[in-house]
Structure formats: structure tokens, C-alpha cells
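If you read the sequence shown in numbering that gives the first Met the number 0, its first letter stands for residue 0, the second for the next number, and so on.
A virtual CB, placed ideally from N, CA and C, is assigned to each residue, including glycine.
Predicted, not measured: the structure shown is a model, and the values here were computed from it.
Okay, structure first, notes after.
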Amino acid sequence: MSILELVDSARKINDNKIEEFSNIKNKKKVGILGGTFDPIHYAHLATAEFIKDKYNLDWMFFIPTGNPPHKLGIKTDKYDRYNMVLLATETNSKFIALDLEIERKERTYTVDTLKDLKNKYPEAEFYFITGADAICEVESWKGMKKNFEMATFIAATRPGISLLKAQEKIEQLEKKYNTSIISVYVPSLDISSTYIREQIEDGKTVRYLIPESVEKYLETKNLYKK
Ligand code: DND
Numbered sequence: 000m001s002i003l004e005l006v007d008s009a010r011k012i013n014d015n016k017i018e019e020f021s022n023i024k025n026k027k028k029v030g031i032l033g034g035t036f037d038p039i040h041y042a043h044l045a046t047a048e049f050i051k052d053k054y055n056l057d058w059m060f061f062i063p064t065g066n067p068p069h070k071l072g073i074k075t076d077k078y079d080r081y082n083m084v085l086l087a088t089e090t091n092s093k094f095i096a097l098d099l100e101i102e103r104k105e106r107t108y109t110v111d112t113l114k115d116l117k118n119k120y121p122e123a124e125f126y127f128i129t130g131a132d133a134i135c136e137v138e139s140w141k142g143m144k145k146n147f148e149m150a151t152f153i154a155a156t157r158p159g160i161s162l163l164k165a166q167e168k169i170e171q172l173e174k175k176y177n178t179s180i181i182s183v184y185v186p187s188l189d190i191s192s193t194y195i196r197e198q199i200e201d202g203k204t205v206r207y208l209i210p211e212s213v214e215k216y217l218e219t220k221n222l223y224k225k
């Protein structure tokens, strides 16, 4: 199968999962992993799976950013980043890729995404997952008070960022916003999108760090090469 056929097949599977999700009317617990995913890698997938299992979440949404406020110089086309998320999530029946941010013309903020999701799925309870690095930055995000009202935030360990250090920030945020933030140790995988891009740029291997289908996609599309 060509890579375009593989993406097409992953898109159909994803559409079926969205339909199944939409047809369940009772309350469901939904994790959200938002990210630039440039590219998506196994630490993203393993973190999502670990948290889904630990907190008995029913589904996990992967939402690639469109025009995010915090990374203005992204070179990779947003549709390529989304296609890679489609491929990476294909084999997990509870992982859904959503294109609502990449389809938005304006700058994309989490607060607008959560509003959209709350309107569309009022019966769902949302858990927004961030790495320990991201939780330390959330005060700079737009509409953070509203974000904390619409979702429970879960801060996960990330190699190189101590959750203990982040804990101080978390307590400060909890007081300031009168909210509760869950912090969790996930088995650490020292993989980052930056590392993957650098490996590819240097002509080095990324095998076993990203799903094979994603590797095939970025090879075919010549992404991240010098
Ligand atoms: P990133 O670009 O940091 O994601 O974006 C994370 C989320 O923050 C996105 O949903 C953005 O829309 C949102 N955000 C950022 C800034 C401002 C606003 C919103 C706003 O609304 O104003 P990456 O692709 O780098 O990574 C995705 C997630 O996975 C992150 O939470 C990251 O910390 C985490 N992660 C790891 N976790 C554990 N182990 C690893 C990881 N690598 C990445 N090895």
C-alpha cells in the first residue's frame, strides 16, 4: 500500500471510532493530549496509554495544534502532523485523532478547543494531559481559569523535568485558580520530537522511537531532512 492509501485507511478507521464515541450517550471520561506532534512519538503514545489505564479513562483524544501561540515557527505542514497522528493512533481502538485545531483558521488556543468539545459532547468529562514542562507554563496560556473549569488537568513526568520541581508550581496554580491538578509519574521515555528531527537531519536512525507507519510517512514526504 502507498503511504496515501495507508493514511486514507487510518482516516476511515478514525472516523468509525469518532462515530462510535458520538453514539455512546452516557457519561464518558475522556483524556486529551494536545500537542504540536512534530512528529508524534512513542513517549506521547505511552504517556497517553498509561494515564488512560491509571485513571480509567474511556477514550483518549489526540489534538494536533493548528496555529499555536507558543510555537510560531513550525516548519512542518499541519496536515502532515495530523496525518502522522492518524497513523500513530490507528491500532488503538480508544485513541482518536481530532482535526478541530488544524481546521481552525485563527490562532488556536486550548480554551477554544475545550469550549468546542464541551458544546459538542456535553456528557463527557475531560482530562487534559500536559507534560511537567507544559504545566509550568500554563499561566501564560489564554483563558486558563476557564480551562481549569472545563477540564481536570493531569501533569505527567517528563524526563529532564522533575515533577517535584513542578509540584511547587502546581500548588501555586491550585491556590490561585481554586482548582485541583493531578500529578502523576509515568514510566519515563527520554524521547522528544526535537531529538527525532535532529536524528533525521543527521541521517541517523529513529527506528523504535516512532511507529513504523509514521517513519514511512516522514520518509516518503521527505520531512526533517537537511
Ligand atoms: P506542545 O507544543 O508543548 O506539545 O503543546 C502542548 C499543548 O499545550 C497543546 O495542546 C497546545 O495547544 C497547548 N498550549 C500551549 C501554549 C499555549 C496554549 C496552549 C494556549 O491555549 O494559550 P508537544 O508536541 O511538544 O508534546 C505534547 C505533549 O506531550 C506535551 O504535554 C508534552 O509535555 C508531552 N511530552 C511528553 N510527556 C512525557 N514524556 C515525554 C514527552 N514528550 C512530550 N518524553
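Contact between GLU100 and THR64 is confirmed by a C-beta separation of about 5 angstroms, below the 8 angstroms threshold. The beta carbons of HIS40 and LEU208 sit closer together than 7 angstroms. Counting only residues of its own chain and dropping the five nearest sequence neighbours on each side, ASP79 has a CB closer than 7 angstroms to the CB of LYS220, LEU222. Setting aside the 5 residues that flank it on each side, MET149 is surrounded in the same chain by LEU113, LYS117, each with a C-beta closer than 6 angstroms to its C-beta; the list follows chain order. Distances from the CB of ARG157 to the heavy atoms of ligand 1 include at least one below 6 angstroms. Between the alpha carbons of LEU162 and ALA155 lies a distance of about 8 angstroms.
When GLN198, LYS203, GLY33, LYS224 are compared, the shortest CA-CA separation from VAL110 is found for GLY33. Measuring C-alpha to C-alpha distances from PHE94 to each of THR151, LEU3, LYS28 identifies LYS28 as the nearest. Cβ-Cβ distances below 6 angstroms link ARG103 to GLY65 in the same chain, with the five nearest sequence neighbours on each side left out; the list follows chain order. Shortest Cα-Cα distance from LYS119 to any of GLU136, ALA131, LEU97 involves LEU97.
When DSSP reads this structure, LYS28 sits in a beta bridge with GLU124. Rounded to whole angstroms, ASN13 and VAL6 show a C-alpha spacing of 10 angstroms. Between LYS215 and ILE2, the CB-CB gap stays under 7 angstroms.
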